[in-house]
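A.B. asks:
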Amino acid sequence: MVVPKDYESDVEIAWCPGCGNFGILQAVKKALVEMKLEPHRLLFVSGIGQGPKLPHYTRGNVFNGLHGRTIPAATGARLANHELTVIGIDGDGGAYGEGLNHLLAAMRRNINMTYLVHNNQVYGLTKGQASPTSDAGFITKTTPLGAILPVNPLALALASDVSFLARGFSGDVEHLASLIKAGVKHRGFALIDILQPCVSFNRQNTFKWYRDRVYRVEDEGYDPTDKAAATAKAQEWGDRIPTGIIYRQERPVYEEQIPALKKKPLVRQPINPSQFEALLDEFA
Amino acid sequence: MTDFNIMVGGEAGQGVQSVGAIIAKTLARGDCHIFADQDYESRVRGGHNFFRIRASTRETGAVSEELDLLVALNSETIDIHKKEVKSDGLIIHDGETTQARISKTKGLDVPLIKLARDAAGNRLMANTVSVGAIFGLLDYNFEIIESILTKEFTRQGQKIIDDNIKAARAGYDHARKNGRSKTLPEIRLTSRKRAKILLNGNEAISLGALAAGCKLIAGYPMTPASSIMEYIAGKEKEYDVAAVHVEDEIAAINMAVGAGYAGIRSMVATSGGGFSLMVEGLALAGMTETPVVIVLGQRPGPATGLPTRTEQGELWYALHAGHGEFPRAVLSPSNAKEAFYAIVKAFNLAEKYQTPVIVLTDHHLATSYATVDRFDLRRVKIERGDTVSPTKIGEARSYRRHAVTDSGISPRALPGLTKALVVTDSDEHDEAGHMIEDAATRIEQDLKRLRKLNGLRKEIGPPVIKEAPKADATLIGWGSTGGAIEEAAAIFQKDGKAVSTIHFNEIWPFPADEVKAVFEKSGKTVVIESNATAQLAGLIRRETGKKVDHTILKYDGRPFSPKYIISHLKGVL
Chain P
13 MVVPKDYESD
23 VEIAWCPGCG
33 NFGILQAVKK
43 ALVEMKLEPH
53 RLLFVSGIGQ
63 GPKLPHYTRG
73 NVFNGLHGRT
83 IPAATGARLA
93 NHELTVIGID
103 GDGGAYGEGL
113 NHLLAAMRRN
123 INMTYLVHNN
133 QVYGLTKGQA
143 SPTSDAGFIT
153 KTTPLGAILP
163 VNPLALALAS
173 DVSFLARGFS
183 GDVEHLASLI
193 KAGVKHRGFA
203 LIDILQPCVS
213 FNRQNTFKWY
223 RDRVYRVEDE
233 GYDPTDKAAA
243 TAKAQEWGDR
253 IPTGIIYRQE
263 RPVYEEQIPA
273 LKKKPLVRQP
283 INPSQFEALL
293 DEFA
Chain V
82 MTDFNIMVGG
92 EAGQGVQSVG
102 AIIAKTLARG
112 DCHIFADQDY
122 ESRVRGGHNF
132 FRIRASTRET
142 GAVSEELDLL
152 VALNSETIDI
162 HKKEVKSDGL
172 IIHDGETTQA
182 RISKTKGLDV
192 PLIKLARDAA
202 GNRLMANTVS
212 VGAIFGLLDY
222 NFEIIESILT
232 KEFTRQGQKI
242 IDDNIKAARA
252 GYDHARKNGR
262 SKTLPEIRLT
272 SRKRAKILLN
282 GNEAISLGAL
292 AAGCKLIAGY
302 PMTPASSIME
312 YIAGKEKEYD
322 VAAVHVEDEI
332 AAINMAVGAG
342 YAGIRSMVAT
352 SGGGFSLMVE
362 GLALAGMTET
372 PVVIVLGQRP
382 GPATGLPTRT
392 EQGELWYALH
402 AGHGEFPRAV
412 LSPSNAKEAF
422 YAIVKAFNLA
432 EKYQTPVIVL
442 TDHHLATSYA
452 TVDRFDLRRV
462 KIERGDTVSP
472 TKIGEARSYR
482 RHAVTDSGIS
492 PRALPGLTKA
502 LVVTDSDEHD
512 EAGHMIEDAA
522 TRIEQDLKRL
532 RKLNGLRKEI
542 GPPVIKEAPK
552 ADATLIGWGS
562 TGGAIEEAAA
572 IFQKDGKAVS
582 TIHFNEIWPF
592 PADEVKAVFE
602 KSGKTVVIES
612 NATAQLAGLI
622 RRETGKKVDH
632 TILKYDGRPF
642 SPKYIISHLK
652 GVL
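First to last, the protein sequences are chains P and V.
Heads up, my numbering is the position in the first sequence plus 12, with the first residue counted as 1.
Heads up, my numbering is the position in the second sequence plus 81, with the first residue counted as 1.
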């Protein structure tokens, strides 16, 4: 039996009042309780930023590592124990800037984890600099001449043949929770890009700005298994912004291709030096 | 000590490495000790490569620069190496290829290509003909050559095996008929027992890692470390180990740390450039108290340096890499045997002290072959450190991953295996693993981590000290130079000089007390190392206050030979 209290933490939350992260936290907890997942079977791996502090504000095993390196740490943990449900958490800086190489590799590899990207199009923790997803021309202290063209995470993911791709909005907790559940249940790598206003440093992409633009693709009879349609959807940005499951496909999961993981998790396998005796004969 | 030295030289792509390995393996079946090293360029075709094999009546860990046989697969090899051939040595070459004119007393012209074509119908087997010629001159038991060739070419099928044996036979017979026989004094095939194995440093590390229970290696290829991951990856189908070829070295270290956090033994292997990318992850392991083993195979730097050559330029780097202060151990094995046991110890220390351990090697150790006694796997002891038993954990909310203890070691629980929640953070954290800002908790956790050094210090063995009474001099080194230094010292002893040696095969935490004691009666102290800035000499000064009298430094990318050390010591002693 899993109840909401199981995911309540007594750690004091360090986010600004009204921060979009609160909606994401609520959606994460809701999804986990609804899936009846016990906290000790769950591993949060996160990086650096305001969003990646999230695991401390709920409960589970937590590895809060380096900026941009969530995915390799999560991959290592998953390979060590593939019975763990692994959820990675980063901001747009960690996921699409510092750690982009890892994201591309993880999507190709199709490691079975869910990756939540708190995308507020600005750097919050370091106080207001441009992020990889800031709109072109966005003026900040580090980009007084305006930010360069933004990364399009959806298009990048599709180009890497991602196996599950969704976009949520922190202002729509119910919908976001359903996306997180779908991502966790999906076998393979699930990227969920979460639009989230930064109330302190982004006066351009506000709650109202997002709310006026987002819509749910499923309301329009969208087929998330159609890659051509997904590729077109990924280009939509501006007056209308699509949310929901953008793309999903079945692809071999990385863990299943490693013979050593077939029996049981590596962490449950004993260490037995003598089993390597035969290898010494190669050198005799 | 009697020894016999063979060099095979040619350009990249001519099979110098494989011929060299076959010769070494064949000799290793005899009752002798082998040390073999290779010299190659950072290219796939062309250039000049050589493979040197030393067969000796006594254990040796160093190269010799005096050749008994030089097998020249091209004329350049003769030009470069003929001065290394002893006065009674011999050059084996194919006159048609080399166009070299060498007197009958100095050279043996073997029509390698013609014999290969005639005997095996394949000119590419000229190399194997040269192997046969060597052993024909040595009057070596042909059955052994046959058995080695059979083993080497098993995967390529019976025809390739048969053709290679025919090619070898042709060279063997030709040499016996036309050559002046070279005997191997005291080196005879006396038994068929295979008590010894022949392997290089990286192979020893790979075997040691597997035996120690390494379940994951994450890596990005970089000379001279690549063959470690390649070896382990080659065993993925048979044994319970995962090898992940990752997108970069940053991913490698973070993946290994993630795996270590989740409870398996994990490692990375790289060289200086890749290690530089891993350094932030090294500090992550220090802060989150996660076990991880790093093999740092040095090569000359800075930057890309000399990719296929050797140096010991990263001692200080290995000791200090990483932002902030955290405990670590650094082991510096000097040969293949020590490398095997060093990696086992590295895994044990990493888990007992929940911190990164570096095994510092170099290109020379990584790629040189040596005969060693077959490893006794029963001697591989696994120590996994303090863990919290599932029954004692009780309520999940009470487990504190970073509990403050006298030893600094907080008993580990592993995520998912019990109800305990394992929380850790690269930010400074409290006992429960949650981020903190307050000074008192910071101090408490910082000191807790650093206290682990007290235990680690006791784990590090003293250097290998061989004291001569009333020493005239003490030769001091670390890592792969051990064999050359020891042999140089033995030669001086024979000349009536009293020479002690100190060799560091475990270097951090630095065993200062033992070193100070030897310095009291050392005679002149001479540090010998493969770098330009005398890093070990500096470390000794820093840790003991002792200033060494002399240094012999080599930073041309080539390994030390006993002869080189002796010639440079003559001015000192």
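Each residue gets a CB set at the ideal place from its N, CA and C atoms; glycine is no exception.
1) Taking CB distances under 8 Å as the criterion, tell me whether GLN281 of chain P reaches chain V.
2) Show which residues of chain V have a CB atom less than 8 Å away from the CB atom of VAL226 of chain P.
3) Can you pull the chain P residues whose beta carbon is under 8 Å from the beta carbon of LYS602 of chain V, in chain order?
4) Measuring CB atoms only, is the stretch 340 to 359 of chain V touching the stretch 367 to 382 of chain V, in the sense that at least three cross pairs come out at less than 8 Å?
5) Since ARG459 of chain V meets chain P, which of its residues come closer than 8 Å, beta carbon to beta carbon?
6) Please return the same chain residues whose Cβ sits closer than 6 Å to the Cβ of ALA189 of chain P, not counting the five positions on each side in sequence.
7) Enumerate in chain order the residues of its own chain whose CB-to-CB distance from ASN656 of chain V is below 7 Å, with the five nearest sequence positions on each side excluded.
8) Express the C-alpha separation of HIS129 of chain V and LEU270 of chain V in angstroms, rounding to a whole number.
9) Taking any Cβ of chain P, which residues in the stretch 485 to 516 of chain V have a Cβ under 8 Å from it, in chain order?
10) Does VAL89 of chain V come out as helix, strand or coil in the three-state DSSP assignment?
11) Measuring only the C-alpha atoms, how far is PRO192 of chain V from ILE172 of chain V?
12) Taking all protein chains shown into account, decide if THR448 of chain V is buried (16 or more other Cβ within 10 angstroms of its Cβ) or exposed.
13) Tell whether a beta-carbon distance below 8 Å holds between VAL349 of chain V and ILE298 of chain V.
14) Please compile the residues from chain V whose C-beta is within a distance smaller than 7 Å of the C-beta of ASN33 of chain P.
15) What residues are listed by DSSP as bridge partners for TRP589 of chain V?
16) Across which residues does DSSP place TRP559 of chain V in a beta bridge pair?
17) Show which residues of chain P have a CB atom less than 7 Å away from the CB atom of TYR342 of chain V.
18) From SER272 of chain V to ARG110 of chain V, what distance separates their C-alpha atoms?
19) Any beta-carbon of chain V closer than 8 Å to the one on PRO271 of chain P?
20) What does GLY377 of chain V pair with, by DSSP beta-bridge criteria?
21) For GLY140 of chain P versus PHE219 of chain P, is the C-beta spacing smaller than 8 Å?
22) In chain P, what lies closer than 7 Å to ASP321 of chain V by C-beta?
23) Going by Cα to Cα distance, which pick from V:TYR121, V:GLY542, V:LYS164 and V:GLY238 is closest to ASP594 of chain V?
24) Quick one: Cα of PHE131 of chain V to Cα of GLY103 of chain P, how far?
25) Which partner residues of LEU177 of chain P appear in the DSSP bridge assignment?
26) Say whether chain P places a C-beta atom closer than 8 Å to the C-beta of ARG409 of chain V.
27) Is there a Cβ from chain P that is less than 8 Å from the Cβ of GLY339 of chain V?
28) Among residues of its own chain, excluding the 5 on either side of SER287 of chain V, which ones have a beta-carbon nearer than 6 Å to its beta-carbon?
29) For LEU534 of chain V, which residues of its own chain have a beta-carbon under 7 Å away from its beta-carbon, when the five flanking residues on both sides are left out?
30) What does the alpha-carbon distance come out to for the pair LYS197 of chain P and PRO51 of chain P?
31) Of all the options V:VAL425, V:ILE621, V:ILE490 and V:ALA451, which has the alpha carbon lying nearest to the alpha carbon of LEU458 of chain V?
32) Using 8 Å as the limit for Cβ to Cβ distance, is ARG380 of chain V near chain P?
33) Are any of the Cβ atoms in chain P nearer than 8 Å to that of LEU270 of chain V?
34) Find the residues of chain V that neighbour HIS68 of chain P, judging by a C-beta separation of less than 9 Å, and give them in chain order.
35) Could you compute how far the alpha carbon of ALA442 of chain V sits from the alpha carbon of ARG493 of chain V?
36) Can you list, in chain order, the stretches of the alpha helix (DSSP H) that have 4 or more residues and sit fully within the stretch 100 to 154 of chain P?
C.D. replies: Let me spell this out:
1) Yes, contact with chain V.
2) Simply none; closest approach about 32 Å.
3) Simply none; closest approach about 40 Å.
4) yes
5) PRO285 and SER286
6) The answer, listed in chain order, is ALA39, LYS42 and ALA43.
7) Lying outside 82 to 654, the shown extent of chain V, residue 656 of chain V is not represented and no answer is given.
8) Note that LEU270 of chain V scores 49 on pLDDT, short of 50, meaning its location in the model is unreliable and no value can be drawn from it.
9) LEU495, PRO496, GLY497, LEU498, THR499, LYS500, ALA501, LEU502, VAL503, VAL504, THR505, ASP506, SER507, ASP508, GLY514, HIS515 and MET516
10) strand
11) Rounded to the nearest angstrom, the two C-alpha atoms are 13 Å apart.
12) Buried is the call here.
13) yes
14) Among the residues of chain V, none has a CB under 7 Å from the CB of ASN33 of chain P; the nearest is roughly 15 Å distant.
15) Paired residue(s): V:VAL411.
16) V:PHE585
17) PHE75 and ALA89
18) Residue confidence for SER272 of chain V is low, a pLDDT of 49 falling below 50, so the modelled location carries little weight; the figure read from the coordinates is stated next. Taking the straight line joining both Cα atoms gives about 8 Å.
19) Output row for PRO271 of chain P: interface = yes.
20) The sequence as given places Leu at residue 377 of chain V; Gly does not occur at that position. Beta-bridge pairing links LEU377 of chain V to V:THR351 and V:LEU441.
21) Not in contact: GLY140 of chain P and PHE219 of chain P (Cβ atoms no closer than 8 Å).
22) Contacts between ASP321 of chain V and chain P, judged by CB atoms closer than 7 Å, involve ALA272, LEU278 and GLN281 in chain order.
23) V:GLY542
24) Their backbone Cα atoms lie some 52 Å apart in a straight line.
25) P:LEU203 and P:TYR259
26) no
27) Chain P, which has a Cβ nearer than 8 Å to the Cβ of GLY339 of chain V, makes this yes.
28) ILE309, TYR312 and ILE313
29) PRO408 and PRO590
30) 16 Å
31) Nearest C-alpha to LEU458 of chain V: V:VAL425.
32) no
33) Interpretation of LEU270 of chain V is limited by its pLDDT of 49, a score under 50 that renders its predicted location unreliable; the figure taken from the coordinates is listed afterwards. Answer no: the Cβ-Cβ gap between LEU270 of chain V and chain P never drops below 8 Å.
34) VAL504, ASP506, GLY514, HIS515 and MET516
35) This sequence places Thr at residue 442 of chain V; Ala is not what is there. One C-alpha to the other measures close to 30 Å.
36) 112 to 121
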